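> Our numbering applies: residue 1 is where the sequence shown begins, and numbers increase by one. Before anything else, here's the structure in question.
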Amino acid sequence: FVTIVGRAKRFAKIGGEMISLAAVETLAAELWPGALSVVSSLPDAKKGERLVLLTDAPTATRAEFLAFAKSRGAMDMMVPAEVNIGKVPVLGSGKVDFVAARKLAESVAEKGEAA
């Protein structure tokens, strides 16, 4: 038996495919250089999980990300379902706070469902 202890949360299972959240973040970094972006996965009734991108790029849009991802040959599943603009949570060390980012993505999703 193999037990994965760390970094397992940095993948999303969408429609039976494993998607690397780091790869999606790399696409965002290439598209919006100088902007900080983080991707979280949230539960989805149809596909298992869905991706939510949090970025501080002021003009970021999902359509722009989709066009860029297609130009790079990325799978459609690597395109986030939502792109939210705001402050990306960072730890004191300067690294992205993935736990806080997930909570922020969940709270944004809850507000969207309530509206």
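Every residue gets a Cβ at the ideal spot worked out from N, C-alpha and C, and that includes glycine. On a predicted model such as this, the values are computed, not experimentally measured, just so you know.
#1: Evaluate Ser-20 with the Cβ neighbour count: other Cβ atoms within 10 Å of its Cβ, from every protein chain shown; 16 or more gives buried, anything less gives exposed.
#2: Answer yes or no: do Leu-66 and Val-52 have a C-beta to C-beta separation smaller than 7 angstroms?
#3: Given a cut-off of 7 angstroms on the beta-carbon distance, is the pair Trp-32 and Ala-63 in contact?
#4: So if DSSP puts Leu-51 in a beta bridge, which residue, or which two residues, is it bridged to?
#5: So is Leu-91 buried or exposed if we call it buried at 16+ other beta carbons inside 10 Å?
#6: Would you mind sorting Ser-107 into buried or exposed? The rule is 16 or more other CB atoms within 10 Å of its CB.
#7: Find the nearest neighbour of Val-83 within the set Glu-49, Phe-11 and Leu-54, judged by alpha-carbon distance.
#8: Below 6 angstroms CB to CB, which residues in the same chain sit around Val-38 once its five sequence neighbours on both sides are set aside?
#9: Restricting to Cα atoms, I'd like to know which of Pro-80, Met-18 and Glu-49 is closest to Leu-27.
#10: Which partner residues of Met-18 appear in the DSSP bridge assignment?
#11: Please classify Ser-71: is it buried, with 16 or more other beta-carbons within 10 angstroms of its beta-carbon, or exposed?
#12: Once you ignore the five residues that flank Ala-74 on each side, which residues in its own chain have a CB closer than 7 angstroms to its CB?
The structure says:
#1: exposed
#2: no
#3: no
#4: Ser-41
#5: exposed
#6: exposed
#7: Leu-54
#8: Leu-54, Val-88, Val-96 and Ala-101
#9: Pro-80
#10: Lys-13
#11: exposed
#12: Leu-27
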